[in-house]
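Residue numbers (UniProt numbering): 1 to 498. The beta carbon of each residue, even a glycine, is placed where N, CA and C say it ideally should be. All values derive from a computational prediction rather than experimental measurement.
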């Protein structure tokens, strides 16, 4: 028995050092030592993953290599290496890895997020960018966003000087915006037409959020595949697709719209696209496009607004300055509108700074190299999974002065929101960048601006708001935000009229 142990130990040492030597010969990026048999570097990964990877980058450099079970992975953590991957080598890294979540929640890797780069993905991207998320289409649906924000303001009037859990009301606002734009229906709060349909939608959405962030080591160790998680994902996707297929059929039955009439909901728009290619553009494809939009446009938007409000509560002087800006540019005799946000640079700075400090997606959706290339002078093999650590880039003291200080003024003079080359990547960059950034920024800008304009905000107690991050794929707060609000004296009359 002792002899076996010594033989095994000798094999292990030989394996580790041989692997390390071959790694250097192949000119791969630096990797943490040691890389163990079978599991590789999986033993290093702890939650929250973005912080663990940032710590490894601190020791190994802004680009490093990990062998996660059977998968080669590179992690980039600087603007220059991110630019090499997402700009210079954009097409090479436009691929997506095959993962369980892509297979079972991504329509067998055929939806917009997980589809391999090619003609099918280009068709989906064109439909998303031109048909349902274009500037003109979003403008056409702006009344829905205004209506839902005003509904939120009315609801908050009932919480005057009482604690309100903001994550809940922001969740309801965002989901209602999305479902009304998609299908003309609201499933939360007042005026819910079909209570049972709303209940089914809410249950399916909560289940999807839970399973999408579940850890699956089977993606790296195929023999470690979780059958239970796989069954849960399959059932969850079946329920969600089935729900949207019902909405599609409802829309088809009740909207016998003439060719000259404007199609208003996203389902109606997608059904008009289907008329030209019914065999390719199936109901299932429409359902998955809508699911993509719902998944990508809710949790990230909610988290961004919750983090921004948390920061404002901990920095009341910033809140007061934002209120003064709105008073000067908008006035007190009308509510802020989406178009006003372009003329409110300090408000835009608050949003950009919140996204910088607490990016809703701290790691971009994984990319995969479709051929061999070089990044940072290192050779990257075909089929290498790419992780871009957005949180590390946006909180690097070499890139940002005092990165953990909330300073909206650092974005003075900058056009737009959440854009600063490869130093700021809340929506990614390149071909696989998030196509819904325009919608997300409209919802966040109007909602946050309205809450700042209409209410005075206070922490529930004397303690500072807890700013600890959760451990999921989306950066949520460990403790949901609670706050007290009361209508601003100058806005009471206007709020009573909405």
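Practice task
Compute the distance between the beta-carbons of residue 175 and residue 152, then report whether it is under 8 angstroms.
Solution key: Translated into positions along the chain shown, residue 175 becomes position 175. Translated into positions along the chain shown, residue 152 becomes position 152. No; because the gap between Cβ atoms is not below 8 angstroms, this pair is not in contact.
Exercise for the section: Identify every residue that forms a DSSP beta bridge with residue 342. Expected result: Here residue 342 refers to the residue found at position 342 when the chain shown is read from its first residue. None; residue 342 has no bridge partner.
Problem - As assigned by DSSP and simplified to three states, the class of residue 192 - result: Indexing the chain shown from 1 puts residue 192 at position 192. Residue state, collapsed to three classes: coil.
Practice task
Compute the distance between the beta-carbons of residue 362 and residue 390, then report whether it is under 8 angstroms.
Solution key: By 1-based counting over the chain shown, the position of residue 362 is 362. By 1-based counting over the chain shown, the position of residue 390 is 390. Yes, Cβ-Cβ distance for residue 362 and residue 390 is below 8 angstroms.
Problem - residue 352 and residue 411 closer than 8 angstroms at C-beta - result: By one-based count along the chain shown, residue 352 stands at place 352. By one-based count along the chain shown, residue 411 stands at place 411. Their beta carbons are under 8 angstroms apart, which means residue 352 touches residue 411 by this criterion.
Problem - Range covered by the beta strand (DSSP E) that runs through residue 482 - result: Here residue 482 refers to the residue found at position 482 when the chain shown is read from its first residue. Run containing residue 482: 482 to 487, per the beta strand (DSSP E) assignment.
Problem - Given 8 angstroms, three or more beta-carbon pairs between the segment 96 to 115 and the segment 228 to 235 - result: yes
Practice task
Return the chain-ordered list of same chain residues with a C-beta closer than 7 angstroms to the C-beta of residue 373, the five sequence neighbours on each side being excluded.
Solution key: If you number the chain shown from 1, residue 373 lands on position 373. Hits under 7 angstroms: 89, 92 and 380.
Handout entry: Same chain only: Cβ atoms within 6 angstroms of residue 299, ignoring 5 sequence neighbours per side
Key = Position 299 of the chain shown holds residue 299. These residues qualify, in order along the chain: 474.
Handout entry: residue 309 vs residue 483 beta-carbon contact at 8 angstroms
Key = Mapped onto the chain shown, residue 309 falls at position 309. Mapped onto the chain shown, residue 483 falls at position 483. Closer than 8 angstroms, so yes.
Practice task
Please check the pair residue 76 and residue 388, which I expect to be a contact at CB under 8 angstroms, by giving their CB distance rounded to whole angstroms.
Solution key: As a position in the chain shown, residue 76 is number 76, starting the count at 1. As a position in the chain shown, residue 388 is number 388, starting the count at 1. Right, their Cβ atoms sit about 6 angstroms apart.
Practice task
Please state whether DSSP places residue 14 in a helix, a strand or coil.
Solution key: Working through the chain shown from its first residue, we reach residue 14 at position 14. Unreliable positioning characterises residue 14 in this predicted model, as indicated by a pLDDT of 46, which lies under 50. A coordinate reading is not provided.
Practice task
Using the DSSP secondary-structure output, state which residues sit across from residue 76 in a beta bridge.
Solution key: Along the chain shown, one-based indexing puts residue 76 at 76. Residue 76 pairs with 63 and 388.
Problem - Buried versus exposed call for residue 21 [16 or more other C-beta atoms within 10 Å across all chains shown] - result: Within the chain shown, numbered from 1, the residue matching residue 21 stands at position 21. Confidence is the limiting factor: at residue 21 the pLDDT is only 46, short of 50, which leaves the residue's position unreliable and the question unanswerable from this model.
Exercise for the section: Compare the beta carbon distance of residue 461 and residue 296 with 8 angstroms and say whether it is the shorter of the two. Expected result: Here residue 461 refers to the residue found at position 461 of the chain shown. Here residue 296 refers to the residue found at position 296 of the chain shown. Against a cut-off of 8 angstroms, the Cβ pair of residue 296 and residue 461 comes out as no contact.
Problem - Stretch-stretch touch, CB-based, cutoff 8 angstroms, three pairs: the segment 60 to 69 with the segment 194 to 203 - result: no
Exercise for the section: Sort 302, 111, 326 and 282 by Cα distance to residue 348 and report the nearest one. Expected result: The residue given as residue 348 occupies position 348 in the chain shown. Residue 326 is the option with its Cα nearest to residue 348.
Problem - Anticipated Cβ contact below 8 angstroms, residue 335 with residue 494, distance rounded - result: Within the chain shown, the letter at position 335 stands for residue 335. Within the chain shown, the letter at position 494 stands for residue 494. Rounded, the Cβ-Cβ distance is 7 angstroms, consistent with contact.
Practice task
Could you work out which residue in 63, 101, 97 and 275 is closest to residue 85 when comparing CA atoms only?
Solution key: Numbered from its first residue, the chain shown carries residue 85 at position 85. Checked all of 63, 101, 97 and 275; the closest Cα to residue 85 is 63.
Exercise for the section: Could you tell me whether the Cβ atoms of residue 439 and residue 45 are closer together than 8 angstroms? Expected result: In the chain shown, residue 439 corresponds to position 439, counting from 1. In the chain shown, residue 45 corresponds to position 45, counting from 1. Their beta carbons are not under 8 angstroms apart, which means residue 439 does not touch residue 45 by this criterion.
Problem - Any alpha helix (DSSP H) of 4 or more consecutive residues that is wholly inside the segment 385 to 469 - result: 390 to 394 and 437 to 454
Problem - The alpha helix (DSSP H) enclosing residue 273, as first and last residue numbers - result: To locate residue 273, count along the chain shown from 1; it is residue 273. Element bounds for residue 273: 266 to 274.
Practice task
List the endpoints of the continuous beta strand (DSSP E) containing residue 373.
Solution key: Reading the chain shown from its first residue, position 373 is the one you call residue 373. Residues 373 to 375.
Exercise for the section: Give me whichever residues DSSP pairs with residue 379 in a beta bridge. Expected result: In the chain shown, the residue the question calls residue 379 occupies position 379. For residue 379, which the question treats as bridged, DSSP gives the partners 374.
Handout entry: Supposed contact pair residue 61 and residue 30 - C-beta distance, whole angstroms, cut 8 angstroms
Key = The count along the chain shown starts at 1 and reaches residue 30 at position 30. The count along the chain shown starts at 1 and reaches residue 61 at position 61. Between residue 61 and residue 30 the Cβ distance is about 5 angstroms, and since that is below 8 angstroms, they are a contact.
Exercise for the section: Whole angstroms is fine: what's the gap from residue 33's alpha carbon to residue 121's? Expected result: Numbered from its first residue, the chain shown carries residue 33 at position 33. Numbered from its first residue, the chain shown carries residue 121 at position 121. When rounded, the distance between both Cα atoms is 38 angstroms.
Exercise for the section: Would you kindly check if the distance between the Cβ of residue 286 and the Cβ of residue 311 is under 8 angstroms? Expected result: For this step, residue 311 is matched to residue 311 along the chain shown. For this step, residue 286 is matched to residue 286 along the chain shown. Going by C-beta atoms, residue 311 is not nearer than 8 angstroms to residue 286.
Handout entry: Three-state secondary structure (DSSP) of residue 41
Key = The sequence position of residue 41 within the chain shown is 41, counting from 1. Here residue 41 sits in coil by DSSP.
Problem - Other residues of its chain near residue 382: CB distance less than 8 angstroms, five sequence neighbours each side excluded - result: Translated into the one-based positions of the chain shown, residue 382 becomes position 382. These residues qualify, in order along the chain: 369, 370, 371 and 372.
Handout entry: Whole-number beta carbon distance between residue 430 and residue 136, since they are thought to touch under 8 angstroms
Key = The sequence position of residue 136 within the chain shown is 136, counting from 1. The sequence position of residue 430 within the chain shown is 430, counting from 1. Rounded, the Cβ-Cβ distance is 24 angstroms, inconsistent with contact.
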